[in-house]
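Asks:
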Amino acid sequence: MKILDEYDHSCNLTYLTINSYNCGANQGEYQSMINSIWSLPKLIKCSFNTYVLAHTVFQIPTNIPSSLESASIPSHGPELNQLHTLIECTPCLNRLHVKQRTFGLSENIIQERADKLLKSFQTSFWTNQHQWIKFPLNDQFWSIVPSLNRLETLVVYSHADSFQSQLQVLLDRAPNLRCLDIRQDESLSLQMSLFQYRTSSVRQLDFRGYNYYVNEEECIRLCHSPLCIQCGVLFIRIKSRHSTIYLVKNMINLRSLHVKRDDEKYHKR
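Structure follows, in structure tokens:
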């Protein structure tokens, strides 16, 4: 808790990440720390990644900086009504990462909680301002959204080859797209369309949310795909150390590579 003593002199702090916090603090002491951190008036990004705390619950503070744009909340997180409070108090929020514990729960309960959580985000804040869309697109979509010139980050959930043509059209209409994030909860091999997509603007590819470890053959194909040839930042899961070496040697525009092997944590190369 000693670090809290420094917060009075950190009013200009904008980015804060806590990767590990190991203590036996009680709920009151823990919540006091959370309140102090989230009261920083200029805070833009706040991430709580790793905790080893006994009998503590993360509760949304009452004083939340309106400047907050990105937040990551740990698995011992808040109730849904508190998430609503967070959204209402953070007009600049564009990224929210919430972990949920599922150990010891039946599949029905897990599904029920997931449905409830997803339903809570079906508001104008997410569907209108942040443009959640679902494939297949109907014929009226492009008349309603004629331009994607301002789109810089695209997150694709439950990627499937069957929507390749529509996703390619979307990429073609987003000339300023910089980051493409592909996510897949099911442990499926890489979809063939991932090797075929073309876009001249994307510089960052993120496969951290793709629940699959790429083998050497797939890694070679992906490395020479149109998406990866121009890629400067890559997040990916791989099976073999040799794939890491191959990526470094053959991705000529690569500036930052983040890999995760099935027996290791993330490493930055």
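Numbering (UniProt numbering), first residue to last: 1 to 269. Using N, Cα and C, we set each Cβ at its ideal position, and we do this for glycine too.
1) With DSSP collapsed to three states, give me the class of PHE235.
2) Determine, using beta carbons only, whether SER240 and TYR212 come nearer to each other than 8 angstroms.
3) Please report the distance separating the alpha-carbon of CYS219 from that of LEU13.
4) Between which residues of its own chain and PRO175 is the CB-CB distance below 7 angstroms, once the five residues before and five after are set aside?
5) If you count every other CB in all the chains shown that lies within 10 Å of the CB of PRO61, and 16 or more means buried, which is it?
6) Identify the continuous beta strand (DSSP E) that holds residue 272 and give its terminal residues.
7) For VAL169, count neighbouring C-beta atoms within 10 Å of its own C-beta (all shown protein chains included) and say buried if the count is 16 or more, exposed if not.
8) Taking 6 angstroms as the limit between beta carbons, can you name the residues of its chain near VAL233, skipping five residues before and five after?
9) Return the chain-ordered list of same chain residues with a C-beta closer than 6 angstroms to the C-beta of TYR157, the five sequence neighbours on each side being excluded.
10) Mind reading off the beta-carbon distance from THR244 to ILE238? Whole number of angstroms is fine, and I expect it under 8 angstroms.
11) Rounded to a whole number of angstroms, what is the C-alpha to C-alpha distance between VAL155 and ILE133?
12) Closer than 8 angstroms by C-beta to ILE34: which residues in its own chain qualify, once you throw out the five before and the five after it? Chain order, please.
13) Determine, using beta carbons only, whether LEU177 and GLU216 come nearer to each other than 8 angstroms.
14) LEU68 and THR90: beta carbons closer than 8 angstroms?
15) GLN204 lies in the beta strand (DSSP E); which residues open and close that run?
16) Specify, as a first and last residue, the run of the beta strand (DSSP E) that TYR197 falls within.
17) Is DSSP giving ASP161 helix, strand or coil here?
18) Let's see if you can read the secondary structure: which residues bound the alpha helix (DSSP H) around LYS42?
19) Within 10 angstroms of its Cβ, does TYR15 collect 16 or more other Cβ (buried), or is it exposed?
20) So, with DSSP's three-state summary, where would you put LYS260?
21) Alpha carbon to alpha carbon, how far is PHE195 from ARG221? Give it in angstroms, no decimals.
22) What's the call for ALA71, buried or exposed, on a 16-neighbour Cβ count within 10 Å?
23) Excluding five sequence neighbours on each side, which residues of the same chain lie with their C-beta closer than 7 angstroms to the C-beta of PHE163?
24) What's the gap between the Cα of TRP38 and the Cα of ASN19?
25) Cβ atoms of CYS11 and LYS42: under 8 angstroms apart, would you say?
Replies: In short, the structure shows the following:
1) strand
2) no
3) 39 angstroms
4) ASN149, SER201
5) buried
6) Any question about residue 272 goes unanswered here, given that the chain covers just 1 to 269.
7) exposed
8) GLN204, SER256
9) ARG183
10) 6 angstroms
11) 10 angstroms
12) PHE58, GLN59, PRO61
13) no
14) yes
15) 204 to 206
16) It is not in any beta strand (DSSP E) - TYR197 carries neither H nor E in the DSSP assignment.
17) helix
18) Run containing LYS42: none; DSSP gives neither H nor E here.
19) exposed
20) strand
21) 7 angstroms
22) buried
23) PHE135, PRO136
24) 16 angstroms
25) yes
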